[in-house]
Each structure stands twice: as structure tokens, then as C-alpha cells.
Amino acid sequence: MSTKLKPYINIGPGQIIRRNLEALNWTNKDLADIINMSDKSISLLINNKQSITVETARLLAKAFDTTPEFWLNLDQNYRLRNQEEGKAEEDAQQKAEIRKYMPMLEMKKKGWLFFDRTTESQIEAYKGFWRQDLLDFSQFTSSELLLTRQSKVDENYTKYYTKAWLKKVQIESSKISVPNYNREALLHLLQSYSNYTVIENGINIFIEDIIKCGVKFLVVSHLQKTFLDGAAFMDCTNPVLVFTCRHDRVDNFWWTVAHELGHIIKHLHSGTECFMDNLDEKSDNNQEMEADEYAAELLKVADIKEKAFAYKNYFTEQRLLEIAESLHINSSVVLGILQFNKVIDYRTLVKYKKTVLNDIDTKYVRG
188 MSTKLKPYIN IGPGQIIRRN LEALNWTNKD LADIINMSDK SISLLINNKQ
238 SITVETARLL AKAFDTTPEF WLNLDQNYRL RNQEEGKAEE DAQQKAEIRK
288 YMPMLEMKKK GWLFFDRTTE SQIEAYKGFW RQDLLDFSQF TSSELLLTRQ
338 SKVDENYTKY YTKAWLKKVQ IESSKISVPN YNREALLHLL QSYSNYTVIE
388 NGINIFIEDI IKCGVKFLVV SHLQKTFLDG AAFMDCTNPV LVFTCRHDRV
438 DNFWWTVAHE LGHIIKHLHS GTECFMDNLD EKSDNNQEME ADEYAAELLK
488 VADIKEKAFA YKNYFTEQRL LEIAESLHIN SSVVLGILQF NKVIDYRTLV
538 KYKKTVLNDI DTKYVRG
């Protein structure tokens, strides 16, 4: 395969005219007089601001002992390269603009988008994702996005990428069919929330049971710079609960799900609310604190802390198992709660930090 070589600098006829003038010790006025053109026209030619016509090429050929074809080809190639470079710059600008709002390569790697290296392909992928006929970024600038818990690092990118993530979640949740939402049935179910943490295949049984109550559940991985653990919002009349598995641990699953259920029970009223949460740190937002309190009740956090506090300086595996058994809660969940609340060190009993993604039925994993 041959490689097309391109000059480092796009040399136009103007530079060649200037070199010839210097070699012959002529001025612009000399050339204007010789080929009977105005000083302004000579200046435009030297600055590549005026195309060379056939007549001008003949005159320059006579003046500099060349051929008309030399000047016509030089001018044509210069202007073609200019057009190519202009298109390349435009392509680069469009690609950069899209990536300002969406991490395209990451979304492609996840299988959310399909495109090649061409700008046209990436524009089509973007428009297809947002269901657009024309390239439009207004959805990122026309409305505020509710982010009740987010990292303050690189805030604009967090906001933009989170909106792209939310769109993916909305696309996937719209494909899920569940019964009509039954809030009372869900409340009754949640009275036994902690029991699901210890029964065999409890995660999938729990998911199936909340689906029967009309709650849509799905796992959609987070995007870079979103720092998301979970989300809750309404899809028409059904609540949607999303788990990202950003932290692939059993305790993170049960806490995140409990927190988002707190939003569903307490805060999803009008259908327009949307909660997307980074649960790495505690929050002073009222609704977030309410969701935390609700999750703490479901997982008996106060009882766990009370039973463990007296032993925090010499917390043993036996003590962990005793607390888990007495409260009927998974030992990994107990450990995670104690570590998050700084009752014991994060390095304690690391063998009880169990992964969760492989325990979730793949039919719930949507990206």
C-alpha cells in the first residue's frame, strides 16, 4: 500500500513569487509593471489571497521563465490542500465537541455505541443515541440536571457524562415490562429486607419480588467522571432502580439498593424527580439524609453499630459472625456498614468483602 506524502507546510504560489522577486532583486512594483497588473493584485497574489487565472499564469511564466502549467498546478494544489486541512480541522472540532458531552470511546467499548474513526460515523452514532435528526447539544445546556450526590472533581464533565448515562438508563428501562406499581406491596416486602441478604440466591429473589411490586430494576455500569453508585426515577408510572456496580461488593449492593428504595418510597411523587447518587461520602442534603436513614433502618445499622462498638479496638471474625447471625444479616454487609461508619478499619477481615456482579442474573445487566 502506497503512502500519500503531504508537505509539512502548504506552499502556495505567493511564496514562489516572493522567492523569485528576491532572487532577481525585484520589488512588487517591478513585477506589477512587468506583467501590467496593479500593485494591489500583486499583493493579493503574494499573500495567496487571489487565485491564478490562465492569463495570469501566462504572464508569470514569461516574467520568471517558467511554464503556465507550473503556476496553475501550484495554485490548484495549494487550494486543494487548504480545503482538505479546513475539513480536517472541522472534523476535529466536531469530534471534540461530541466528546465534551459524551465519552464516546468508553461508550463504544461498553457496546452502547457503534462507530468507526470517521467524523460522519461518530456524528451518526451520537444522533442515533439521542434520537436526533440533526446534530444538537441543547439537551446538555437547556436544563439543569438533578445530581443530589456528585463529586466536585471536574464538575462540568460529571454533569454532562451523567446526563449521557441517564439517557442510556432511560433507553434500557423503557424496554422493561413490569406490573403496575404497588407501593403498599413494596412497603410490606421491605419489612423483610435484611432477610434477603442471607438466603440462598437472595439477590435475585429480591429483584424478582420488587419487580412483582412494579419496580423496574437494572444494572448499568457507570461512566468515567460520573462517580455513580445508583439512581432512582420514574418511567411513566413505574419507579426505576439502577445499580451501577461501581464498587463490586455485596455490601455496596444492599446499601445502594436500600438507599434508592428510600428515594422511591419517600421522594418519587410527581414523576419528574430523578436521584443519581455517589454514596462514597455522607450528605447534608435533606432528601439524601432521609434516604440514608431509610436504608439504615432496612439494614439495622443502629443495632449493628451498638453490638460492635464495645469491640471496635479488637474486632474479631468471631464477633462479626455473631453479630451477623444475631441480626440475620449477611456478614459482608455487617462488615461494610461498620467500615463505612468508621467503627472498624477498612483493612479488617478483608476476606469477607465479597463481589456481587457475578451473583446478579445477567438478564438484569443492561450495559
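To convert, count from 1 in the sequence shown and add 187; that's our numbering. Where is the CB? At the ideal position from N, CA and C, for every residue including glycine.
DSSP-derived helix/strand/coil call for residue i
{"i": "L300", "result": "coil"}
{"i": "F393", "result": "helix"}
{"i": "M476", "result": "helix"}
{"i": "K529", "result": "coil"}
{"i": "P255", "result": "helix"}
{"i": "V552", "result": "strand"}
{"i": "V488", "result": "helix"}
{"i": "V537", "result": "helix"}
{"i": "R205", "result": "helix"}
{"i": "G199", "result": "coil"}
{"i": "E565", "result": "Outside the displayed range of the chain (188 to 554) lies residue 565, so it cannot be described from this structure."}
{"i": "K447", "result": "Reading the sequence as shown, one finds Glu at residue 447 and not Lys. It is helical."}
{"i": "H375", "result": "helix"}
{"i": "V543", "result": "coil"}
{"i": "Q263", "result": "helix"}
{"i": "L508", "result": "helix"}
{"i": "D438", "result": "helix"}
{"i": "Q281", "result": "helix"}
{"i": "T190", "result": "Note that T190 scores 47 on pLDDT, short of 50, meaning its location in the model is unreliable; the coordinates nonetheless yield the value given after this. T190: coil per DSSP, three-state reduction."}
{"i": "H456", "result": "coil"}
{"i": "W213", "result": "coil"}
{"i": "I222", "result": "coil"}
{"i": "T413", "result": "coil"}
{"i": "I386", "result": "coil"}
{"i": "Q309", "result": "helix"}
{"i": "F316", "result": "helix"}
{"i": "K362", "result": "coil"}
{"i": "Y501", "result": "helix"}
{"i": "L353", "result": "helix"}
Residue environment, residue i, which counts as buried when at least 16 other CB atoms sit within 10 Å
{"i": "Q392", "result": "Looking at the sequence shown, residue 392 is not Gln but Ile. Exposed is the call here."}
{"i": "P200", "result": "buried"}
{"i": "K191", "result": "With a pLDDT of 48 at K191, under the threshold of 50, the modelled position of that residue is not reliable, and no figure is offered here."}
{"i": "R534", "result": "exposed"}
{"i": "P366", "result": "exposed"}
{"i": "L501", "result": "Inspection of the sequence shows that residue 501 is occupied by Tyr rather than by Leu. Under this definition Y501 is an exposed residue."}
{"i": "V537", "result": "exposed"}
{"i": "G523", "result": "buried"}
{"i": "M188", "result": "Low confidence applies here, because M188 scores a pLDDT of 43, under 50, leaving its location unreliable; read the following figure in that light. That one is exposed."}
{"i": "Q309", "result": "buried"}
{"i": "K412", "result": "buried"}
{"i": "S519", "result": "buried"}
{"i": "D546", "result": "exposed"}
{"i": "C423", "result": "exposed"}
{"i": "E307", "result": "exposed"}
{"i": "V429", "result": "buried"}
{"i": "S381", "result": "buried"}
{"i": "D416", "result": "buried"}
{"i": "V241", "result": "exposed"}
{"i": "E359", "result": "buried"}
{"i": "F440", "result": "buried"}
{"i": "A511", "result": "buried"}
{"i": "I204", "result": "buried"}
{"i": "L321", "result": "exposed"}
{"i": "D303", "result": "exposed"}
{"i": "N388", "result": "exposed"}
{"i": "K487", "result": "buried"}
Bridge partner(s) assigned by DSSP for residue i
{"i": "D422", "result": "N425"}
{"i": "C461", "result": "F420"}
{"i": "F404", "result": "L428"}
Practice prompt. Report yes or no: do the segment 468-476 and the segment 435-444 share at least 3 C-beta pairs separated by less than 8 Å?
Written response: no
Worksheet entry | At least three beta-carbon pairs within less than 8 Å, the segment 488-497 to the segment 449-458 | no
Worksheet item: If you pair each beta-carbon of the segment 390-407 with each one of the segment 345-359, do three or more pairs fall below 8 Å?
Response: yes
Worksheet item: Taking contact to mean at least 3 C-beta pairs separated by less than 8 Å, is the segment 429-436 in contact with the segment 301-316?
Response: no
Fill in: Secondary structure, beta strand (DSSP E): runs of 3+ residues fully inside the segment 224-251
none
Discussion item. Does the structure place the segment 233-251 close enough to the segment 211-225 that three or more beta carbon pairs sit under 8 Å?
Written reply: Touching, yes, given that three or more Cβ pairs across the two stretches are closer than 8 Å.
Item to complete: Decide yes or no for the touch test of the segment 273-284 against the segment 252-261: beta carbon pairs closer than 8 Å, at least 3 of them.
Response: no
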